[in-house]
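Following our numbering, the numbering of the sequence shown begins with 529 at its first residue and continues without gaps. Each residue gets a CB set at the ideal place from its N, CA and C atoms; glycine is no exception. Reading through the structure tokens given below for one structure.
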Amino acid sequence: MSDYTRRDFLEKSATAALGAMVVPRWILGGNGYTPPSRKLNVAFVGIGGMGMSNMSQMLDENIVAVCDVDYAYVERSLAGRMRAPQGAAGPSTEAVRLRDAYTKAKKYTDFRKMLEQQKDIDAVVIATPDHTHAAVAVAAMRAGKHVYVQKPLTYSVYEARLLARVAKETKRVTQMGNQGHSMDGTRRIVEIVGSGVLGPIREVHIWTDRPYRYWAQGIPRPKAPEAAPTAATTPQTNQQAVKQQTAAQTPPGTPLPTPGPATQLPPAPPRWNGQTVERAVLEAMAENPQTVPAGLDWDLFLGPAPTIPYHPVYHPFSWRGWPEFGTSSLGDMGAHLIDQHYWALGLTQPTS
């Protein structure tokens with residue numbers, strides 16, 4: 529963002545009108561002092577997760593508004609930050625400042641109402657699920673606000689192009705949040721590659737352990753309430769599965785054949801480890817419809833997505849594993865892992 533802001537202009541104009549004898553307080557205050565008149569009025573949309581981390585880094589600005597569709601989850605996240613660190617008598621100073629800023633900020637559940645009603649906002653920080661990034665960012669820029677959008681920038685290529693066009697039309701300052709880009713390790717990679725010590729880089733391979741242990745992915749779609757079973761179902765055990773399959777293949781009273789080269793054996797039961805147990809639990813959960821918890825506006829969470837009944841396998845956080853809401857590992861970690869090599873090799877937007 530340019531150092532010469534609207535507030536700079538107003539402040540300098542007022543100083544000139546009063547005469548040369550008036551010296552602005554921010555000059556007398558020295559380094560580290562920022563007067564209220566030079567602070568940005570910042571609003572946050574989506575503050576239950578990464579948005580709260582972003583807010584904790586902007587406590588020196590005026591946090592004038594927050595917007596979220598699930599304030600029950602926000603309150604739990606904030607309570608977690610207020611727990612005293614190990615060995616400390618109370619919460620950290622940053623946690624207390626964060627709580628105070630959150631408490632003072634005006635609360636909204638619909639970002640459209642926030643932009644319509646609160647005209648003093650200078651910039652908007654967006655940390656919602658992927659599928660709503662573009663809708664919030666476009667509305668904010670067209671309302672004259674600068675925007676900071678968490679990665680991945682958008683849900684689709686079309687939306688990314690739309691944001692670029694609207695930013696150019698509205699002349700707003702924009703940035704995509706990618707904390708990995710600012711890490712020392714990333715800068716070191718760029719330096720090493722740029723030095724030429726590795727020789728010419730012709731191919732890059734990237735791995736990640738996600739989604740394993742981070743969010744549910746590849747499980748059956750939760751059933752809608754009208755299609756729910758009348759009684760709760762339980763996962764079938766390995767022993768039950770083998771017995772049923774064996775009974776279907778052999779008449780009653782027939783002994784099992786002696787294993788041999790030509791014998792068709794029942795398929796091996798699945799191996800039960802942490803991942804398969806977790807999957808079985810999630811599949812069992814998907815069999816049972818869920819009611820929307822208090823404090824969550826599910827309709828606003830869906831936004832531009834298709835109408836889908838609420839289920840905890842979608843929210844919070846696990847929305848990344850569902851195509852209606854997230855962009856999976858590529859969108860979640862690709863913005864970090866691909867960025868390093870993209871930057872180091874001096875690549876730009878693809879041309880074809």
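Item to check | Cβ neighbour criterion (16 or more within 10 Å) applied to Q585 | outcome: For this step, residue 585 is matched to residue 57 along the sequence shown. Label assigned to Q585: exposed.
Checklist entry - Do you know how far the Cα of A629 is from the Cα of P619? => result As a first step, residue 619 must be located in the sequence shown, where it is residue number 91. As a first step, residue 629 must be located in the sequence shown, where it is residue number 101. Cα to Cα, the separation comes out at about 15 Å.
Item to check | For I717, the three-state DSSP class (helix, strand or coil) | outcome: Here the question's residue 717 lines up with position 189 in the sequence shown. Reduced to three states, the DSSP call for I717 is helix.
Next on the checklist: With the cut-off set at 8 Å, would you say I649 and A593 are in Cβ contact?
Outcome noted: Your numbering for residue 649 matches position 121 in the sequence shown. Your numbering for residue 593 matches position 65 in the sequence shown. Yes, Cβ-Cβ distance for I649 and A593 is below 8 Å.
Item to check | Neighbour-count burial assignment, S723, 16 or more Cβ in a 10 Å radius | outcome: As a working note, residue 723 is residue 195 in the sequence shown. The residue in question, S723, is exposed, as its Cβ has fewer than 16 Cβ neighbours within 10 Å.
Checklist entry - Which of the three DSSP states, helix, strand or coil, is assigned to V652? => result Here residue 652 is taken as the residue at index 124 of the sequence shown, counted from 1. V652 falls in the strand class under three-state DSSP.
Next on the checklist: Between the alpha carbons of I654 and N590, how many angstroms are there, rounded?
Outcome noted: Counted from its first residue, the sequence shown places residue 654 at position 126. Counted from its first residue, the sequence shown places residue 590 at position 62. The straight-line gap from Cα to Cα measures roughly 16 Å.
Item to check | Opposing strand residues paired with Y676 [DSSP bridges] | outcome: The residue given as residue 676 occupies position 148 in the sequence shown. In DSSP, Y676 forms a bridge with V653 and Q703.
Checklist entry - How would you write the range of the beta strand (DSSP E) that A571 sits in, first residue to last? => result Counting from one through the sequence shown, the residue named residue 571 turns up at place 43. Counting along the chain, the beta strand (DSSP E) containing A571 begins and ends at N569 to V573.
Item to check | Cα-Cα separation between Y686 and T714, rounded to whole angstroms | outcome: Position 158 of the sequence shown, counted from the start, is the residue given in the question as residue 686. Position 186 of the sequence shown, counted from the start, is the residue given in the question as residue 714. If you take the alpha carbons of Y686 and T714, they lie about 28 Å apart.
Checklist entry - Could you give the distance in angstroms between the alpha-carbon of A833 and the alpha-carbon of Y683? => result By one-based count along the sequence shown, residue 833 stands at place 305. By one-based count along the sequence shown, residue 683 stands at place 155. Rounded to the nearest angstrom, the two C-alpha atoms are 11 Å apart.
Item to check | A612 in three-state terms, based on DSSP | outcome: Position 84 of the sequence shown holds residue 612. Note: A612 maps to coil in three-state DSSP.
Next on the checklist: Quick check: the Cα distance between T621 and R749, rounded to an integer number of angstroms?
Outcome noted: Reading the sequence shown from its first residue, position 93 is the one you call residue 621. Reading the sequence shown from its first residue, position 221 is the one you call residue 749. One C-alpha to the other measures close to 43 Å.
Checklist entry - Tell me, which residues are paired with D598 by DSSP? => result Numbered from its first residue, the sequence shown carries residue 598 at position 70. Looking at the DSSP assignment, D598 forms a beta bridge with L824.
Item to check | Per DSSP, the bridge partner or partners of N582 | outcome: The sequence position of residue 582 within the sequence shown is 54, counting from 1. DSSP, once it has assigned bridges, lists no residue as partnering N582.
Checklist entry - Shortest alpha-carbon distance to F639 belongs to which of G727, A668 and L587? => result Against the sequence shown, residue 639 aligns to sequence position 111. When each option's Cα is compared against that of F639, the closest is A668.
Next on the checklist: Measuring straight from C-alpha to C-alpha, what distance separates G615 and I836?
Outcome noted: As a working mapping, residue 615 is identified with position 87 in the sequence shown. As a working mapping, residue 836 is identified with position 308 in the sequence shown. Going from the Cα of G615 to the Cα of I836 covers about 45 Å.
Next on the checklist: My output table needs one value for K647: the three-state DSSP class, helix, strand or coil.
Outcome noted: Numbered from 1 along the sequence shown, position 119 holds the residue referred to as residue 647. K647 falls in the coil class under three-state DSSP.
Item to check | Cβ shell of A863 (< 6 Å), same chain only, five flanking positions each side left out | outcome: Position 335 of the sequence shown holds residue 863. Excluding sequence neighbours, A863 sits near K679, P680 and N706.
Checklist entry - In this structure, does DSSP put Y636 in helix, strand or coil? => result Position 108 of the sequence shown, counted from the first residue, corresponds to residue 636. Strand at Y636.
Next on the checklist: Would V597 and D825 qualify as a contact pair, given that the criterion is a beta-carbon distance under 8 Å?
Outcome noted: The sequence position of residue 597 within the sequence shown is 69, counting from 1. The sequence position of residue 825 within the sequence shown is 297, counting from 1. Cβ atoms of V597 and D825: closer than 8 Å.
Next on the checklist: Judging by CA-CA distance, which residue of R604, S880, W871 and V573 is the nearest neighbour of Y676?
Outcome noted: Locating residue 676 in the sequence shown gives position 148, counting from the first residue. Closest by alpha carbon: V573.
Item to check | Helix, strand or coil at I866 [DSSP, three-state] | outcome: Here residue 866 is taken as the residue at index 338 of the sequence shown, counted from 1. Reduced to three states, the DSSP call for I866 is helix.
Next on the checklist: If you measure between the beta carbons of G859 and T660, is that distance less than 8 Å?
Outcome noted: On the sequence shown, position 331 is the one that residue 859 refers to. On the sequence shown, position 132 is the one that residue 660 refers to. Not in contact: G859 and T660 (Cβ atoms no closer than 8 Å).
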